[in-house]
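Per the working numbering, numbering through the sequence shown is continuous, rising by one, with the last residue being 752. Where a beta carbon is used, it is the ideal one built from N, C-alpha and C, also for glycine. Small disclaimer: the values here were computed from a predicted structure and weren't measured. Below you'll find the structure, written out as structure tokens, and then a few comments.
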Amino acid sequence: MTNQTEAQDQDFIAIKVGDVNLSATTGCGNAPPLAGAAAGRAADAVQLQGVAGPVAEGEKAEVQVWVESPADLVAWQAGLWFDTGYLELESVAAGALDYMTPANFGTTEKEAGKLRVLWYAQDARPLPYSRPREAFKLHFRIKRAFDDWSAVLRLNDDVLGNAAWEDDGRIHALSMSFRSEPIATEQAAQVEPQATAIPNPFSEKLTVSVTLPADEWIRVDIFDATGRHVDNWQGETTNRKAAAIFDTAGWGRGVYTYRVFTAYKVLSGTVQRQ
């Protein structure tokens with residue numbers, strides 16, 4: 479979340495006490511962080527889509543969890559409950575989602591059927607979710623057969639407050655559904671997203687050239703070596719390509735980092751200005 483004031487010109491991101499396993503108490507009790515914050519919720523829910531097929535007793539099963547949102551997000555958190563009479567959680571792994579690591583999962587109460595997942599964007603820069611992103615994978619041992627995944631695995635606010643945030647602080651509720659068909663990613667696999675920085679030695683211009691699997695709206699941010707935000711560009715690709723052109727006259731010498739935010743992933747690189 480971002481709360482910027484003219485007086486301080488600083489971004490407030492968030493303060494979290496404890497860790498993803500809620501292994502700390504506060505003066506307000508050991509409630510899930512930001513749970514129950516109904517005020518300011520946006521109307522459109524962020525969708526968690528579980529991809530899993532039929533199961534039989536004794537089998538191993540994988541559930542892929544994808545996240546899709548009408549808005550760009552800086553953070554989300556999910557509290558998952560699963561029925562231990564039917565499922566034994568053997569492992570959880572990060573998907574292809576940027577910034578998702580093993581540290582984002584809280585599994586200390588998995589024997590009680592509870593799993594907590596936290597995700598947040600680097601430097602609180604919003605990430606597009608207009609196309610589904612594979613967030614994480616759950617691996618279960620099936621203790622007893624069942625027909626409906628939603629009956630044995632679902633969101634539960636008592637495990638962790640389920641919510642997602644935009645950079646202006648607007649909150650979205652989470653919802654979860656299941657499907658047996660894979661999420662279509664064939665188009666994404668055909669063309670690997672690429673971004674290349676091209677300095678012009680004859681002018682004060684820097685071009686960041688972007689190639690994507692499909693046309694979409696993108697954003698390019700430039701940061702200096704201290705992490706200060708220097709410039710940005712937004713626009714839509716044409717025939718899957720875009721060229722973000724920056725005037726570098728006032729930048730000074732040094733190493734600069736560029737980040738390209740797309741619906742599939744965040745592309746980044748560095749460029750040296752002499």
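Near residue i, which residues of its chain fall below 6 Å by C-beta distance, leaving aside the five closest residues on each side in sequence?
| i | result |
| --- | --- |
| R594 | V498, G557, G584, L638 |
| Q712 | R697 |
| A759 | The first residue shown for the chain is 479 and the last is 752, placing residue 759 beyond what the model contains. |
| L616 | V541, V570 |
| T674 | S687 |
| F724 | L684, D709 |
| V533 | A539, I620 |
| Y564 | K621, R622, F624, V630 |
Among residues of its own chain, excluding the 5 on either side of residue i, which ones have a beta-carbon nearer than 7 Å to its beta-carbon?
| i | result |
| --- | --- |
| V733 | A703, T748, Q750 |
| T483 | The pLDDT assigned to T483 is 35, lower than 50, so where the model puts this residue is not dependable; a value taken from the coordinates is nonetheless given after this. If we look at T483 and ignore the five residues flanking it on each side, it has no Cβ neighbours. |
| T740 | P606, P671, L690, E694, I696 |
| D576 | L605, K743, V744 |
| P660 | V529 |
Looking only at its chain, what residues have a beta carbon closer than 8 Å to the beta carbon of residue i, apart from the 5 residues adjacent to it on each side?
| i | result |
| --- | --- |
| A515 | Unreliable positioning characterises A515 in this predicted model, as indicated by a pLDDT of 42, which lies under 50. The coordinate reading is nonetheless provided below. So the list reads G639, A641, I649, once near-sequence residues are dropped. |
| N710 | R697, V698, D699, I700 |
| N678 | L684, T685 |
| C506 | Only weak support is given to the placement of C506: the predicted model assigns it a pLDDT of 37, under 50, and the question is left unresolved by the model. |
Short check: CB of residue i to CB of residue j, under 8 Å?
| i | j | result |
| --- | --- | --- |
| P604 | L551 | yes |
| Y736 | V686 | yes |
| L690 | T715 | yes |
| I700 | V708 | yes |
| A530 | F656 | yes |
| F624 | L567 | no |
| Y598 | A553 | yes |
| W544 | N634 | no |
| V524 | L684 | no |
| L526 | Q555 | no |
Could you pull the DSSP bridge partners for residue i from this structure?
| i | result |
| --- | --- |
| M654 | L526 |
| S547 | None; S547 has no bridge partner. |
| P677 | L684 |
| V733 | Q750 |
| A727 | Bridge partners of A727: none, in fact. |
| L633 | L558 |
| A641 | Q555 |
| A539 | F618 |
Less than 8 Å between the CB atoms is what I'm expecting for residue i and residue j, so what's the real figure, rounded?
| i | j | result |
| --- | --- | --- |
| A727 | E682 | 4 Å |
| E546 | Y607 | 6 Å |
| D561 | G591 | 6 Å |
| F614 | A581 | The pair is not a contact, with the Cβ atoms about 12 Å apart (cut-off 8 Å). |
With a threshold of 8 Å between beta-carbons, can residue i be considered close to chain B, or not?
| i | result |
| --- | --- |
| P532 | The structure shown contains no chain B; it holds only a single protein chain. |
Residue ranges of each beta strand (DSSP E) run of no fewer than 3 residues wholly in the stretch 685 to 725, ordered along the chain?
-> 695 to 701, 707 to 714, 719 to 725
Continuous beta strand (DSSP E) assignments of at least 3 residues falling wholly in the stretch 568 to 630 = 592 to 598, 611 to 620
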